[in-house]
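In what follows, a structure is listed as structure tokens, so that the remarks can point back to it.
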Amino acid sequence: MRIPIIAGNWKMNTTVSEAADLVRAMQAQLAALTGVERVLCPPFVSLTTVGQIIRGSAVKLGAQNMHYEEKGAYTGEVSPLMLGGLCEYVILGHSERRQYFGETDELVNRKVKAALKAGLKPIVCVGERLDENEAGKTEEVIVREVRGGLSGVEAPTSLVIAYEPIWAIGTGKAATGPQANATISLIRRTVAQLYGDGFAEGLRVQYGGSVTAANIAEFISQPHIDGALVGGASLKAAEFVSIVEQTARIKKG
Ligand code: PGA
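Take the sequence shown: its position 185, counted from the start at 1, is 366 in the numbering used here, and no numbers get skipped.
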């Protein structure tokens with residue numbers, strides 16, 4: 182049995198005090214829900230504050246990115262060692278990092294290795310662009326990103342993969358449940374080739390891209406979808422709680 186995992190990716194939103202308000206608005210309800218792992222990924226500068234507010238509850242913390250070096254002359258960057266004491270998860274290879282900051286599969290791969298070495302749990306994002314999707318290249322892109330991101334990585338102690346079709350992120354145009362399920366099944370088969378069937382069977386794969394309280398049920402009721410990486414809707418306390426609550430209910434079956 183895979184424990185479902187819902188992560189809120191706040192992206193570059195909320196000041197420190199807004200982040201505190203947001204987590205306070207959802208904390209009690211989130212903490213009370215069971216059967217689903219809940220992860221909040223605020224901006225770096227709010228990790229400490231949000232961490233203090235959720236301390237002692239089962240709600241977990243994640244970062245949205247990191248550098249692969251432990252320390253050094255990399256102005257403006259945050260290292261795995263720095264995150265080590267602050268949070269448990271780290272999102273790596275988000276499509277916005279790939280698109281706006283030139284992150285390649287090789288770079289994502291370095292980060293995955295560095296995160297695992299530091300004891301962080303990577304949430305590795307993969308997904309095809311609209312033109313790739315329309316050209317029938319989804320499979321090719323997904324296999325390349327999964328294999329590229331995990332190249333040279335021994336069976337990881339912890340791994341979550343998020344399938345986020347780029348055309349569905351922030352656009353209000355989500356994939357359909359069956360579409361996402363089919364691609365996530367492909368991700369599981371690809372991981373099975375790397376680490377074996379048992380590992381792939383236990384691997385949690387999230388769907389991401391315009392997930393809302395109104396459509397989460399469609400995704401989470403699919404057999405291969407183990408949760409969601411939620412952007413915009415994770416900035417609304419009641420909506421995020423509803424997404425977690427529906428996930429818990431549906432997965433308990
Ligand atoms: P969205 O973002 O839910 O706002 O589409 C998802 C993501 O980019 O992780």
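From the three backbone atoms N, C-alpha and C, an ideal C-beta is built for every residue, glycine too.
Every value quoted in this text rests on a predicted model; they were computed, and no experiment measured them.
With a threshold of 6 Å, the Cβ atom of residue 350 counts as near ligand 1, since some heavy atom of the ligand is closer than that.
Between residue 389 and residue 347, the CB-CB gap reaches or exceeds 7 Å.
Taken in chain order, the complete alpha helix (DSSP H) segments of 4 or more residues contained in the region 221-300 are 228-235, 261-265, 276-282, 286-298. Apart from the 5 residues on each side of it in sequence, residue 426 sits with its Cβ closer than 7 Å to the Cβ of 214 in its chain, given in chain order. Exclusion of residue 246 from the 6 Å shell around ligand 1 follows from its C-beta lying no nearer than that to any non-hydrogen atom of the ligand. When 315, 206, 331, 225 are compared, the shortest CA-CA separation from residue 192 is found for 225.
As DSSP reads the structure, residue 303 sits in a beta bridge with 271.
In the structure shown, the three-state DSSP call for residue 334 is coil. One thing to note: residue 265 has its Cβ no nearer than 7 Å to the Cβ of residue 221.
Distances from the CB of residue 396 to the heavy atoms of ligand 1 are all 6 Å or more. Under the three-state reduction of DSSP output, residue 218 falls in the strand class. Between the alpha carbons of residue 383 and residue 183 lies a distance of about 6 Å. Per DSSP, the beta-bridge partners of residue 188 are 220, 410.
Looking at the DSSP output, residue 386 shares a beta bridge with 342. The C-alpha of residue 350 is placed about 14 Å away from the C-alpha of residue 397. Taking 6 Å as the cut-off, one finds at least one heavy atom of ligand 1 near enough to the beta carbon of residue 390. For residue 194, the Cβ stays outside the 6 Å cut-off from all heavy atoms of ligand 1. Between the C-alpha atoms of residue 433 and residue 187 there is a straight-line separation of about 15 Å. Relative to ligand 1, the nearest heavy atom lies less than 6 Å away from the CB of residue 410.
With 16 or more neighbouring CB atoms inside 10 Å of its own CB, residue 232 falls in the buried class. Shortest gap from the CB of residue 413 to any heavy atom of ligand 1: under 6 Å.
Shown here for residue 259: same chain residues with a beta carbon closer than 6 Å to its own, the five before and five after excluded, namely 225, 247 in chain order.
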